[in-house]
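Chains as they are written, first to last, in my numbering: chain U, 30 to 210; chain L, 10 to 325; chain P, 18 to 758.
Okay, structure first, notes after.
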Amino acid sequence: MFRKVRYVMVIDTKKCVGCAACVFACKQENNVPEGYCRDWIEQEVRGTFPVLTMENRSQRCQHCDSPPCVYACPTGASHVGTGGITLVYKDLCTGCKACIAACPYDARYLHPDGYVDKCTFCEHRVKVGMQPACVAVCPTNCLHFGDVNDPNSNVRKLLDTRRSHTQKSELGTQPQLYWLD
Amino acid sequence: MTELTTTRHNPLIDPHLHIWGTDVTIYLFLGGMVGGIMVLTGLYYFVKGINRETPSFIRNSMLASPVLLSIGMFFLFLDLENKWHVYRFYLTFKVTSPMSWGSWILIFVYPVSVAMIVLANRGRWWVNWYPPAARLVEPFWKLIAAGNVLFGAVLALYTGILLSAFTARPFWNNGVLAPLFLISGISTGAAFMILFHDGSSVREKEELGMIKLGLITAELIALVLYISSLLTSVANQREAVHLIMGGPYTAHFWVLVVGIGLVVPLLLQTLEALHKLESRFVMPLLVLVGGFALRYLMVQGGQLSETVARLTEVLR
Amino acid sequence: MAKKPHGNGLSRRSFLSLSAALAAGTVAGNVLRWTQPATASASILDPGMTATPSFCEVCFWKCGIDAWTNAQGKLVQITGHASHPLSNGRLCPRGTGGMGQLYDPDRIKQPMLRDGDTWRAVSWDEALGFVAKRMEAIKAKWGPESVALVNHGHGASFLQHMMKAWGAPVTSAPSWAQCRGPRDAAFQVTYGRPVGSPEFTDIENARFMVLVGSHLGENMHNTQVQEFARFVERGGELAVVDPRFSVAAGKAKWWLPIRPGTDLALLLAWIRLLVTEGTYNKAFVEQHCTGLPELTAAVSPYTPEWAYTQTGIEPDVIREVARRLAMNAPNALVHPGRRTNWYGDDTQRARAVAILNALLGNFGQRGGFWLGHRFSVGRYPYPAYPKADEAFEAKMRKHFPLAEETPTQYLRDHTLAGDDPPIKGWLVYGTDLLNNFPHKEKTIEAFKQLELLVVVETMPIELTGWADVVLPDTTYLERFDDLHTPTWKVPYVALRQPVVQPLYDSKPVWWIARELGLRLGLQKYFPWKNVEEYLDTRLRTAGLSLADLKAKGVVTKDAPPPYTDRPTFHTRSGKVELYSHTLAQLGFDAIPKYTPPAEPPPGFFRLLIGRVPVHSFGRTTNNRVLTEIMSENHLWVNAVTARDFGLTNGQYVRVVNQDGVQSDPVKVKVTQRIRPDSVFLPHGFGRQTPKLHQAYHKGTADNDLITRIVVDPIMGGTSTNTNFVTFIQEPRKRQASAEDA
């Protein structure tokens, strides 16, 4: 009866230019320390001159439905919050780094304050109805965020009308970043 | 040709994972070794019974076990980034987390091994100083022995499962890793016990020598199975094997782990079994070096393997 | 316990205590890795966060921003202002990183006065007094027209006003001859108006677009990238003409990896296809254009097969793109580009672009060129400016008849030669003169001829080392500037206002201009006491107030769609001049003619330059926020070329150009993304002054390698793509350069 909220991101790499505005916006909003990032840009070019293709990707934690990081955490610091967002309780984290080893996407890092940190889908903003900082800043509007279980959400509509794929799906983590084909 | 660039350069993550170093390697080595000592000691009692005097090298190794384990746990503690929160391990149990299993196993190992120490050292002045202790353990010797075999095996096995549960790291994610660590743990445990041999209990020592022969052979077989299971698995695991077949850990693996850690001790042990030579220190030390080198290879290689596999696949 | 020493001389006790100490030390190192108190967050949701609306100046696009200061007053975030038509709530990486400019520790902190070979930090009064005194001395001896203003940036408007009031007409900005000049001159003679900034291109509504060189996406002009993304999303088809596989090329259906310097051949071939096959927009051309017969005759030799021999682009591809352009016209666009000073014949190349667009009939149409609106705000009621001496401009126009602005190198050469009318002083604002136009050694010599060199700057760039006076401007985040009322699809007026108080002893440029003006006796041109009075006066003419703008940041007006079927052209004929009478009368080709580019010497590669998305050239290479992602430039080298020269990805190499000038060590990017005959280097790196701690000696400066230039005779542009480099394998030790102060 109650529809559970499930936050996902749908990303249109056809539009992404790899400018890294999302990287800077995230760093500022979440006070990510210098030298670290929660999201990053990958640029992949395939082929041989002059027959080439390019894909630009804005990557971050995939907030998996079967999150290996949560399974691996011995203290319960890594947990799944509302809407399926994977989060870390800083005060439970011992810094054992099992979750970092468990993540196939290398999305986590060790914060200099001694706990493991990563993208939180800007949960503090989402809770009050705002978009994550990366989604809000993106000049190409290639990042879409919302509740996939809401039939009226932009992400639901995109996923219903366009083909998409996920990364490393063979590992069974059920990542929730959908990349439009 | 594929060109892949990334803006990410997170410390300890890039260019490849290096979150765990010698601290964890030392712990895995000591944990496996102590597990091995417990297994062998428990088995000794099942085979030989309670009525003989326990050989000194078995008694002393067992005595050293909690100390060694504590040293290992201390290095594990050093690896934590937030040491203040270490007690958090013991406020919960996470059934999906091998690390949670391990933290609790380590707790239970202590009373089990202490009971075995009392059992093995009954008759010594410091056990007799508290007479009820000896009287308490003797009737339960079978249970204690079984408990040591069980917990020792679990301790050694879990150090392997800890790594093999990470599907993200192709070099680790393999079913043979846990049995490999168990066999290696028992083997290093036996080596450690031989080091303590002081000339007495020759027959037990020889028997232990024969067991060692079997263990080294078993470990070699386990390594063959490990490599072949990687080679017959999915692409990223096939790529991961390159780490030890032409990659940065090739020499480390073939010279330290296989050569010095297994083949040479096998030869020495065979010669000793044929009474051709006597080796008190050399063979066990080589085995210990090999055991440490194996765990070092696993810890480092596994962290490198995801990047190696991913880039090889992408740059294909 | 034995106390005999061991064999190695250590007693057991000392050995034990030594190892205990070592162990304790290593353990202590680990143990000390405990938690520290968590650092404060900087979310816009945090209590005490205040957003101040303003507009950005990390580049020259001027997007509306919200600058967020925390409870302690520190600027911690910059986001796009939601209602500003250029940002639409979004922002590029450079603008997002603007606080790196504000808090740059290398900023000039106080006015500096040269004292022989040393510098003195002085008060503003002394510094401004010195400048005024020197300016008056020059005026007395040669006239005010002997002081030139060399400037770039929105803040310059107050200095321009001051100089005009004083009677100094000579101004220059590198953005003419070293950037937009060629295409603006070309559009001026063709359509009667320049392209301008922001460009009036309707990218998002185009069904087919051709980019010649323009690397949108690495060129991060916010709105243009937003429109480009919408263009892609709506299924617009793209052809990109570029020797390099840019990000834009990565989104193109056709990437034409053209031989550098042959773009005009391709454009002429397209023009020829449209006119000979009759697929041009007949209605538009008949109604609005002149010169079609001359054009048809002039382009007849430029067949696709001929173009293939010049450009290396297959004839079929050339035909296909022309077909697509014609098919989609008038919703088809050949983008005029922005920085177009490439080979020295650039006005003619831009003319070909203008003509091609005219054949598509896209002027005033969706997907072509929109005709926007301006938010009308009255000027401040100043008295009329004095009549200024026009001799310099007249002389300049003799050299470059269609130069709307003075080419910077022309001013430099004139100053250096001591030509008449004499230029004896330069007032420089916000432009990195030793790195943004060629032959800096000549520029330095020109400086030595000056009686006065004043540099108004925020950063201690190399140029400041040659000044007599350095005046620290505030960054755009610490000051008011004049209103921004550009021509755009939607008319708007935007305010720049301080987000934080000026740091150090820096002063906003309006104040510098005013204080200087007062000391020069220009009281009646600075009747307002402070800039807020000035701004409020202006805004009230439009029914607004400064208080409104301070709160809102930008005010827009509704406007009809910026398209028309009845465009007007302010050319002499009143029509689009396919055949340019203006050019013919000045002795230039009335219709562009192609000449092949110079060939590189054997073993040399053409040096191409361009942008990266996280930087705005030299303005940001010291910005510690942005340099976290990119701190040095890379030299793109084709994989085959790299193999031939034994270069590996990531190694450092020096290059030397055809004139023997060597670069600094630069990292090599071995890639398939560039032609084997070319190399690519992002502009703005390779700083030579250690005062820029972050940027010093990071990468190499392309400007120093641009020693062979071809000057466009029509408008004075200097080429950038006319130099060739080869690789030096062993980097020699970096020598201390004269500017290392």
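Built from N, CA and C at the ideal position, the CB exists for glycine as well.
Counting C-beta atoms within 10 angstroms of its own C-beta, residue 579(P) has 16 or more neighbours from the protein chains shown and is therefore classed as buried.
For residue 97(L), a Cβ of chain U is located within less than 7 Å of the residue's own Cβ.
Every alpha helix (DSSP H) of 4 residues or more that sits fully in the region 125-202 of chain L is shown, in chain order, as 134-137, 140-146 and 150-173.
Taking CB atoms only, residue 264(P) has a neighbour in chain U less than 7 Å away. Assignment of residue 316(L) by DSSP, reduced to helix, strand and coil, places it in the helix class. Residue burial annotation: residue 191(U) is exposed, with fewer than 16 other C-beta atoms found within 10 angstroms of its C-beta. One thing to note: residue 302(L) has its Cβ no nearer than 7 Å to the Cβ of residue 273(L). By the CB criterion at 7 Å, residue 661(P) and residue 171(P) fall outside the cutoff. About 17 Å separates the CB atoms of residue 93(U) and residue 106(U); that is not less than 8 Å, and the two are not in contact. By alpha-carbon distance to residue 167(U), the top candidate from 478(P), 490(P), 682(P) and 243(P) is 243(P).
Judged by beta-carbon spacing, residue 230(P) lies beyond the 7 Å limit of residue 201(P), meaning their Cβ atoms are not closer than that value.
Remark: C-beta atoms of residue 135(U) and residue 22(L) approach each other more closely than 7 Å. For residue 281(L), no chain P residue has a Cβ inside 7 Å of its Cβ, as the nearest lies near 30 Å away.
Residue 45(U) carries a coil assignment under DSSP once its states are collapsed to helix, strand and coil. A direct Cα-to-Cα measurement between residue 342(P) and residue 327(P) gives close to 21 Å.
Under the 10 Å beta carbon count, residue 180(U) is surrounded by fewer than 16 other beta carbons and is classified as exposed.
Look at the region 135-168 of chain U: the residues with a C-beta under 7 Å from a C-beta of chain L are 135, 138, 139, 143 and 144. Of the residues assessed, residue 646(P) falls on the buried side of the cut-off, its CB having 16 or more other CB atoms within 10 angstroms. When rounded, the separation of the alpha-carbon atoms in residue 314(L) and residue 182(L) is 11 Å.
Under the Cβ criterion of 7 Å, residue 237(P) is counted among the residues facing chain U. Bounds of any alpha helix (DSSP H) do not take in residue 176(U); it lies within the beta strand (DSSP E) bounded by 172-176. Per DSSP, residue 88(U) lies in no alpha helix (DSSP H); the unbroken beta strand (DSSP E) holding it starts and ends at 80-88. In summary, residue 655(P) is buried, with 16 or more beta-carbon neighbours lying within 10 Å of its beta-carbon over all protein chains present. When beta bridges are read from the DSSP output, residue 469(P) appears opposite 442(P). Per DSSP, the unbroken beta strand (DSSP E) holding residue 654(P) starts and ends at 651-655.
In this structure, the alpha-carbon of residue 152(L) lies about 12 Å from that of residue 122(L). From the listed residues 205(L), 72(L), 27(L) and 257(L), the smallest Cα separation to residue 178(L) is found for 27(L). In the three-state DSSP reduction, residue 421(P) falls in the coil class, being neither helix nor strand.
Taking the beta carbon of residue 132(U) as reference, the chain L residues within 7 Å of it are 177, listed in sequence order. With three or more CB-CB distances shorter than 8 Å, the region 24-43 of chain L counts as touching the region 70-84 of chain L.
In this structure the region 612-623 of chain P does not touch the region 209-229 of chain P; the number of beta carbon pairs closer than 8 Å is below three. Of the other Cβ atoms in all chains shown, fewer than 16 fall within 10 Å of the Cβ of residue 149(L); this residue is therefore exposed. Per DSSP, the unbroken alpha helix (DSSP H) holding residue 56(U) starts and ends at 50-58.
The beta-carbon of residue 307(P) is placed no less than 7 Å from the nearest beta-carbon of chain L.
The C-beta of residue 202(L) comes no closer than 7 Å to any C-beta of chain P. For residue 352(P), the enclosing beta strand (DSSP E) starts and ends at 349-352.
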